[in-house]
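To keep things clear, I will list the structure first and then write my remarks on it.
There are 2 protein chains.
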Amino acid sequence: MSKCEQCIVRQFSSLKALNKAELLKMADCKTSYTIKKGEPIFEEGEVTNGIYCVKDGVCKLSKLSSNGKDQIVKLVKPGELLGQRSMISEEPANLSAVALEDMEVCFIPKKEIMQFFTQNNEFSMNVMKTICGDLKDADDHMVDMAQKSVKERLAGTLIYLEEMFGVDTDGTLRLQLSREELAGMIGTATESCIRLLSELNKSNLIELVGKRIKIVDKNKLRRLAD
Amino acid sequence: MSKCEQCIVRQFSSLKALNKAELLKMADCKTSYTIKKGEPIFEEGEVTNGIYCVKDGVCKLSKLSSNGKDQIVKLVKPGELLGQRSMISEEPANLSAVALEDMEVCFIPKKEIMQFFTQNNEFSMNVMKTICGDLKDADDHMVDMAQKSVKERLAGTLIYLEEMFGVDTDGTLRLQLSREELAGMIGTATESCIRLLSELNKSNLIELVGKRIKIVDKNKLRRLAD
DNA sequence: ATTAAAATATGATATATATCATCCTTTTGA
DNA sequence: TCAAAAGGATGATATATATCATATTTTAAT
Numbered sequence: 388m389s390k391c392e393q394c395i396v397r398q399f400s401s402l403k404a405l406n407k408a409e410l411l412k413m414a415d416c417k418t419s420y421t422i423k424k425g426e427p428i429f430e431e432g433e434v435t436n437g438i439y440c441v442k443d444g445v446c447k448l449s450k451l452s453s454n455g456k457d458q459i460v461k462l463v464k465p466g467e468l469l470g471q472r473s474m475i476s477e478e479p480a481n482l483s484a485v486a487l488e489d490m491e492v493c494f495i496p497k498k499e500i501m502q503f504f505t506q507n508n509e510f511s512m513n514v515m516k517t518i519c520g521d522l523k524d525a526d527d528h529m530v531d532m533a534q535k536s537v538k539e540r541l542a543g544t545l546i547y548l549e550e551m552f553g554v555d556t557d558g559t560l561r562l563q564l565s566r567e568e569l570a571g572m573i574g575t576a577t578e579s580c581i582r583l584l585s586e587l588n589k590s591n592l593i594e595l596v597g598k599r600i601k602i603v604d605k606n607k608l609r610r611l612a613d
Numbered sequence: 388m389s390k391c392e393q394c395i396v397r398q399f400s401s402l403k404a405l406n407k408a409e410l411l412k413m414a415d416c417k418t419s420y421t422i423k424k425g426e427p428i429f430e431e432g433e434v435t436n437g438i439y440c441v442k443d444g445v446c447k448l449s450k451l452s453s454n455g456k457d458q459i460v461k462l463v464k465p466g467e468l469l470g471q472r473s474m475i476s477e478e479p480a481n482l483s484a485v486a487l488e489d490m491e492v493c494f495i496p497k498k499e500i501m502q503f504f505t506q507n508n509e510f511s512m513n514v515m516k517t518i519c520g521d522l523k524d525a526d527d528h529m530v531d532m533a534q535k536s537v538k539e540r541l542a543g544t545l546i547y548l549e550e551m552f553g554v555d556t557d558g559t560l561r562l563q564l565s566r567e568e569l570a571g572m573i574g575t576a577t578e579s580c581i582r583l584l585s586e587l588n589k590s591n592l593i594e595l596v597g598k599r600i601k602i603v604d605k606n607k608l609r610r611l612a613d
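Chains A and B, in that order, are what the protein sequence lines are. Note that the numbering used here has the first sequence beginning at 388, numbered continuously upward. Note that the numbering used here has the second sequence beginning at 388, numbered continuously upward.
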């Protein structure tokens, strides 16, 4: 059993507020999992009874809409926690979490987390702030969905992907999303997404390297996104 | 200065967890305001330094999008708290709050609320649960915006308005929204909203009584909303 | 009461986006 | 190594929705 004390990603989440005793306790009750790309960590409607701390790899949080399409609500990267909302609300998960890359995650049972809540005020304030940040993002995201065109949303999403997950040595976006997943992020049909990518490619704002995407003119792209 | 102890709406918000001493303290530091229909309580970008408890009347939380349209993110009714998110995040307000009816609200300074947070665990859990509920709603709302048609969203919104705010004696929706505001809720152009209302009227799912709206066939409307 | 302004309504038209079909390319697995 | 499947690309077309114009009704102001 690895020690939570020495886990670096902890520093990036609400868990940084925990003291030594609490970290030892957590190390004692946690379970580590390896999740292969494409596999779910949990699914919409599932009761999770705890939270996951992402140690490595990125996953998508998505929801199946009534028209059968999978809308991606948020991407989660190492250091972030998963499943806080449903644990606090005492409800089944509202979103599915599926690995976009091979992942390592640790599961911490609800019981322990709830104890930290009552014992450690800084920890609960951290969690609150994270959820408040998620709420702001969700509100902003909602407004974009309602008011921006697909092209604007695509441009904004590409910039987000570069800034949040960086680029490879060849300058292409590090995080590999299929066209279908990218369409699921911006809320459009896969064909429309592909078409607009071609268009951005032709007008030299981006470059398509096979299925990889490279941002060429970030300023123009940013202006396009508003 | 009126007593918070005797305020009924308190029972419907996170504040129900406060004890007598805390309520007395709150009564002592709060400020009551009367807001006329159409007036703002606070605006996007403003630093509020506290929260508002809605005693009477309904308000909209909205955000101006880059295309100049006002997107309504949420409606807030008596008993609910306003401005919790930005207070906890220590950020300026992300949304504007504007009265849809004459309102009575009480302002409680941040200092006191933060004290309740550390003193009263039930209170902070209540606030957390409320924000988690808002986050779930926002995520679901976002998926609807991305995946549903305007007609589906209009149908869903009409049902929401009836269930949340009820109907007048003549059966029309109690909460009066202009067509522009209704369009702002569903995220569409005012003309499109008006046109779809006419269409629903002609197919006898709703009835238009002047500018008031009456739901006639709720089942069909619900099926339309998915 | 009368006029001006705002809100509602409807038509004509343009545009963005979805859908369906087909082809090409890459990946996977037997 | 080859066939099959999945993913990506593009054209043709249908549809939903926005936009612009204008008329009508309601509300507000003088």
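Even for Gly, the Cβ is constructed at its ideal location relative to N, Cα and C.
Look at the region 392-420 of chain A: it has no residue with a C-beta under 9 Å from a C-beta of chain B. By the Cβ rule, the region 547-561 of chain B counts as touching the region 593-602 of chain B, because three or more pairs are nearer than 8 Å.
The alpha carbon of B/Glu433 has as its nearest neighbour, out of B/Lys417, B/Ala484, B/Lys403, B/Lys601, the alpha carbon of B/Ala484. Residue environment: B/Gly425 is assigned as exposed (fewer than 16 neighbouring CB atoms within 10 Å of its CB, all protein chains considered). Residue nearest to A/Lys461 within the set A/Met474, A/Val445, A/Ser473 is A/Val445 (criterion: CA-CA distance). Residue ranges of uninterrupted beta strand (DSSP E) with 3 or more members, entirely inside the region 456-543 of chain A and ordered along the chain, are 457-463, 483-486, 490-496. For A/Asp443, the closest Cβ of chain B is not nearer than 7 Å. Among the CB atoms of chain A, one or more fall inside 7 Å of the CB of B/Leu522.
Beta bridge pairing from DSSP links B/Val554 with B/Leu560.
DSSP, read as helix, strand or coil, puts B/Leu569 in helix. Going by beta carbons, A/Phe494 and A/Thr418 fall inside the 7 Å limit.
A/Ala542 places its beta carbon 7 Å or farther from that of A/Leu468.
Rounded to the nearest whole angstrom, the CA to CA distance from A/Glu430 to B/Cys391 is 43 Å. Here A/Ser401 is buried, its C-beta having at least 16 other C-beta atoms within 10 Å. Under the three-state reduction of DSSP, A/Cys394 is assigned to coil, being neither helix nor strand. Partner residues in the beta bridge of B/Leu451, as assigned by DSSP, are B/Asp457. Around the C-beta of A/Leu411, fewer than 16 other C-beta atoms lie within 10 Å, and the residue is accordingly described as exposed. Listed in chain order, the non-local C-beta contacts of B/Gly470 below 6 Å within the same chain comprise Thr435, Ile438, Tyr439, local neighbours out to five positions each way being set aside. Residues Ile602, Lys605, Leu608, Arg609, Ala612 of the same chain have their beta carbon placed closer than 8 Å to that of B/Ile546, with the five preceding and five following residues left out of the count. C-alpha of B/Cys580 to C-alpha of B/Arg566: approximately 7 Å in a straight line. The residue among B/Lys498, B/Lys589, B/Lys535, B/Ile475 with its C-alpha nearest the C-alpha of A/Cys519 is B/Ile475. Of the other Cβ atoms in all chains shown, fewer than 16 fall within 10 Å of the Cβ of B/Gly553; this residue is therefore exposed. In the displayed model, B/Glu594 falls within a strand according to three-state DSSP. Identification of chain B residues near A/Gln458 by a Cβ-Cβ cut-off of 7 Å yields Val530, Ala533, Gln534, ordered along the chain.
At least one CB atom of chain B sits nearer than 7 Å to the CB of A/Met515. Here DSSP, grouped into helix, strand and coil, assigns A/Ser401 to helix. Using beta-carbon distances, A/Asp604 does not count as an interface residue toward chain B, since no partner is under 7 Å.
In this structure, A/Ala533 and B/Met532 form a Cβ contact; the two beta carbons are roughly 5 Å apart against a cut-off of 8 Å. A Cβ of chain B is located within less than 7 Å of the beta carbon of A/Gly574. By the neighbour-count criterion, in which 16 or more other beta carbons inside 10 Å mark a residue as buried, A/Asn481 falls on the buried side.
Checking the DSSP bridge columns, you'll see B/Ser419 partnered with B/Cys493. At a cut-off of 7 Å between beta carbons, A/Ile500 makes no contact with chain B. At a C-beta separation below 9 Å, A/Lys390 has no neighbours in chain B, since its nearest C-beta there lies roughly 29 Å away. What B/Ile518 touches in chain A, judged by beta-carbon distance under 8 Å, is Met515, Ile518, Cys519, Leu522, going in chain order.
Residues of chain B with a Cβ closer than 7 Å to the Cβ of A/Ala525 are, in chain order, Leu522, Ala525, Asp526, Met529. Closest in C-alpha terms to A/Asn507, from the list A/Gln393, A/Asn406, A/Cys394, A/Ile395, comes A/Asn406.
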